[in-house]
Amino acid sequence: MPAGPLIDALCESNDISNKPRLPENPRLGDTRVHWPETLDVHDTLLKGAIERESNVWLLSPTLRHEYLEILTLSALFKLMSADTDRNRVLVFSRDAHVRERYKELRPGHRRPWSKERFPLATIKPNGEVNQKTTSRGDEGRPPRALFSKHLTHLPDESVASEIGCVIHDETITYRPNRWNRFQQWLDENDIPSVIYCLHDPLGPTFGHVSEDASGWAWPPALLDAVVDESTAADGGVKTVPEVDRQTRVTRQLQNHVDGVSREVHVVEEGEVADDLADVWSSIEELGDVNDDLQSDVLDDGISDLKMALNIISNIVASMGNADRALGNQWETIAPSGWLDRLGHNYEKIRDDDAGGPAHGVYGDAVRALEDVHDEWEDYDLSETKRGHLYRLLHGALDADESVLVVVPSDGDRSAVELDLEARGGPLYDALGEKLGVISTGALPTAPPADRVILVGPPAWRDRWILRTNHAPEVTVLAYEHQLPLLRYQYDHLDDTLRDVTDRELYREAAETANKDEEWDAPVVDGVSVNVPMPKGRSEDEDTSERESSIAEGYDVVEEHEPMSVDEIIDSLDTSSDPSVPSSSRSESGDGRSGSVKCLRLVFDDGRSMPIKRGSRVHVVDGDRGGTVSKYASKVQSGDTIVHVRQTEQLRQQLYDLIKRRGDDKVIMRAERWKIRLEQALDETGDDFDEFKERMREAGADHGDDTYRRWYNLEVDYPRTYDDLPTIAEAYDLTVVKENSEEIWEATQDIKTTYMNLLRELRKQAYRIMAGDEPEQVVLSEDWDIRLADFDVIDEEGQRIVEPHTVVDVHEDQVAHYRLKDIESVEIGD
């Protein structure tokens, strides 16, 4: 085999053995598992680390490690052959497919290993083992393969003492305190060997382990020796099920060997490029000014301004579609939402003693960005990234090429797809399956293509995707003001890869692997790209200090970026700021059944409302002529909140109106997931803990509050689309699996109208307080539903929407079900 000489040399030079060999015909179900020979090298290094009781890091030549279930099985066989009491393997990975594939991995057509020699278990949050499979004929055999999706779910001492190897997949969320806790756990339990499976050479995990452990990377010359080019199939983009894993990986490896051609497509001429550059110039000026002013308020405002500029600079759709699509995503803010935020920042900077002198420049920058937003559709399409993207897509169609367009978020993906359907319908239809529009997070698992188009410099935490080898051609779209950042990102990545691979170890390995034959591929890895200099700067000019400062500023922006649902949940147990929203666990009180710590807002009419610190309320803001959303922890005496009571009554009115408009099927579609889940819960009899465990096993990662609302069927729709197939997977809800998209679309249509209703009700309450006449508002044009269609007076003659002036705020603790209810008599101190 091509990797044979390299593996033999590794074994000889390190005095290790790559035995026992894996079975030759492992299968997943009825499908034979094939893998590239890079995995055989990883397997040898894993076995060597176990033999020598040492740690090793493996930097994947692609954007993810694809065969962790094979490495898990290999580690189990190696430990079994070593005749040691430490015969268990613990795998940390956020990828639920790793565990599922291991569960089904079998020798030929016999029973899976997980149901014979090596039973499977997961680790509970308290460190206990949750056994998932048993050995036939030996049900008492303890599980050998342990899986955990969180670095905080660490086995207790009785289990840890039997672990001989830990496999750490970099998909695990990194948090400094969690990493330190994990390292402490390794030390306390004398774990002999840790295998770090890495994909991000710029990430914090690589920074930690590359200094203390031996490792392995893949410069092109080594890949050239071990990759079998015949398995790198031709063809365009296909859906993932149509591209087998080996082909998908091998095509990426072959692209890496052949050399990926990278280019930066600069949009440097035209009004939009000039207007965005002007905003960036204002940001630079504000940064210089604040070096003298030292205003925290201005500093926060600059960070938000950078983020808003970055969001708008990477839009390749109509602004209307971008506002709608990004606004409908729970974890992102629409461009219009960012502009609202900047408007608030301007007012705070104006009133800030330290930052006040800069409010004029800040206001000018905000107005300039507002003009870009408002005039977006008036710009010449050929002078925007959007127009350049269409030109590239037409070129791909003419050349019969497949294309992956990579955008920052799922909201951006939806906006681009809506835009293509509306503006580029014939082009969209003609490209068909040869076009894929995906978010940055989906790129590592995407099928290969002929060209990858990144719509802008990636987010700071995602800059490692610039090393993608999903296609032989990679294009990055950039406005001129983005060039210094992109240049810094590419230079940093290139320097790091060269530093990692420019070693005698790899030169000798390349000679051995190539059997002393000459090769064309380089021995040192890197990302070669020519990022043009901005106008007015020469190639000879030393810009490293300036580019570094831009990157640092961009990094600050990323820290303020709206996080994904997973990241928000992961960050809850690390916050020390009492004003930051806390998880239900951290607010769980003193052990009283179902009670939670909270705040109590006391109103001027003697009534009060218990509410969690992290919940939002809507507070009247006279300067804005409406209401603003605030965390309860930020509410003060004198604030007037607008509270909407009996939301269930309003929701039922909305459902009735939709039915009367002749669209009762949309209600049926939206409720289908709840009906099926309720049936499944009745059939299984699962209690809450069993339900929660099923959800986590299926890949969900939320807090207890979310799971409880699902379990009690208290919500009309999950937070994200991905939750629907996860719920369906947990309880095998076939109808939900097959109809997830139409169920989600129905829930989102209803949600949009309902959120419009609540927003307009709060606005009407403010207008009434101000003595203005209520406006007649259309909530849904599709269903012709208007605000006037709703009865906002309850059966007792009281308004459903009420303003309340706060006179006191203090700590309290109440039963969970009482939160957000207006109470006539205050309970507790």
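Straight run, no breaks: the sequence shown in the working numbering ends on number 991. The beta carbon of each residue, even a glycine, is placed where N, CA and C say it ideally should be.
Taking the alpha-carbon positions, what's the residue i to residue j distance?
i: K181; j: T224; result: 26 Å
i: W500; j: A470; result: 6 Å
i: P519; j: V451; result: 9 Å
i: G270; j: P304; result: 24 Å
i: L543; j: H427; result: 15 Å
i: V976; j: R263; result: 45 Å
i: I731; j: A383; result: Summary for I731: the model assigns pLDDT 27, below 50, so the residue's position carries little reliability; its value from the coordinates is reported in the next sentence. Using only the alpha carbons, I get a separation of about 42 Å.
i: A439; j: D581; result: 25 Å
i: P743; j: Y793; result: In this prediction, P743 has a pLDDT of 30, which is less than 50 and means its spatial position is unreliable; what the coordinates show is noted afterwards. So the two alpha carbons sit approximately 8 Å from each other.
i: V203; j: V614; result: 29 Å
i: L648; j: D514; result: 34 Å
i: R189; j: T607; result: 21 Å
i: L201; j: Y229; result: 8 Å
i: L839; j: D878; result: 12 Å
i: E635; j: R410; result: 16 Å
i: V662; j: E373; result: 11 Å
i: V727; j: I445; result: Any reading at V727 needs caution, since the residue's pLDDT is 28, under 50, leaving its predicted position unreliable; the model's value is listed next. The straight-line gap from Cα to Cα measures roughly 30 Å.
i: T915; j: L941; result: 6 Å
i: L448; j: D867; result: 42 Å
i: R407; j: D257; result: 15 Å
i: L812; j: L593; result: 44 Å
i: T896; j: R503; result: 43 Å
i: L220; j: A683; result: 21 Å
i: V617; j: L460; result: 29 Å
i: E319; j: N351; result: 7 Å
i: A558; j: E922; result: 46 Å
i: P338; j: V328; result: 19 Å
i: R548; j: V939; result: 33 Å
i: E312; j: T335; result: Residue identity differs from the one stated: residue 312 is His in this sequence, not Glu. The straight-line gap from Cα to Cα measures roughly 7 Å.
Less than 8 Å between CB atoms is the rule here; does residue i satisfy it with respect to chain B?
i: L919; result: Annotation note: the requested chain B is absent from the structure, which comprises a single protein chain.
Please determine whether the Cβ atom of residue i lies at a distance below 7 Å from any heavy atom of the ligand MN.
i: E446; result: In terms of ligand content, the structure shown is empty, and the ligand MN therefore cannot be addressed.
Taking the alpha carbon of residue i as the point to measure from, which residue in the options has its own alpha carbon closest?
i: Y508; options: A496, D466 and V686; result: D466
i: A862; options: D374, S310 and A237; result: S310
i: D245; options: L172, V686, E324 and V662; result: E324
i: Y869; options: I889, H632 and T658; result: I889
i: S255; options: T882, S243 and T234; result: T234
i: H632; options: A307, V568 and E642; result: V568
i: V804; options: W219, E964 and E670; result: E964
i: A322; options: I334, D349 and F765; result: D349
i: D657; options: V689, L639, E539 and P634; result: V689
i: A671; options: D844, L184, V388 and V356; result: V388
i: N342; options: H370, H864, H361 and H506; result: H370
i: D177; options: P185, P609 and R214; result: R214
i: H259; options: S243, L241, E231 and R268; result: E231
i: Q926; options: V954, E903, D946 and D911; result: V954
i: N874; options: D849, A832, R337 and N217; result: D849
i: K209; options: H196, E922 and L184; result: L184
i: A832; options: V898, M857, I357 and S791; result: V898
i: N476; options: R575, L655 and E903; result: R575
i: P646; options: I495, S443 and D572; result: S443
Assuming residue i and residue j make a contact with CB atoms under 8 Å, what is their CB distance in whole Å?
i: S175; j: D205; result: The pair is not a contact, with the Cβ atoms about 17 Å apart (cut-off 8 Å).
i: I905; j: R834; result: 6 Å
i: L238; j: P317; result: Incorrect: roughly 16 Å between the Cβ atoms, too far for contact.
i: F626; j: P363; result: Contrary to the premise, residue 626 reads as Trp rather than Phe in this sequence. With a Cβ gap of about 7 Å, W626 and P363 count as contacting.
i: A860; j: E891; result: 4 Å
i: V779; j: I773; result: 7 Å
i: D970; j: S799; result: 6 Å
Which one or two residues does DSSP pair with residue i in a beta bridge?
i: D974; result: C760
i: T967; result: T802
i: S791; result: H780
i: T193; result: L190
i: V954; result: Answer is none; V954 lacks a bridge partner.
i: V356; result: V328
i: L220; result: C359 and W378
For a minimum of 3 consecutive residues, which ranges assigned as the beta strand (DSSP E) are wholly contained in the segment 423 to 491? DSSP runs (the beta strand (DSSP E)) wholly in the segment 423 to 491: 423 to 429.
Runs of 4 residues minimum, wholly inside the segment 521 to 585: which ones carry the alpha helix (DSSP H) assignment? 521 to 536, 547 to 560 and 572 to 585
Entirely within the segment 304 to 339 and at least 3 residues each: give me those beta strand (DSSP E) ranges in chain order. The qualifying runs are 307 to 310 and 325 to 331.
Output the residue ranges of the beta strand (DSSP E) runs that lie fully inside the segment 238 to 308 and measure 3 residues or longer, sorted by chain position. 250 to 254, 267 to 269, 282 to 285 and 291 to 293
List, from N- to C-terminal side, the alpha helix (DSSP H) runs of 4 residues or more that fit wholly inside the segment 883 to 946. 885 to 893, 896 to 900 and 902 to 931
Uninterrupted alpha helix (DSSP H) stretches inside the segment 580 to 665 (no shorter than 4 residues): 587 to 593 and 645 to 663
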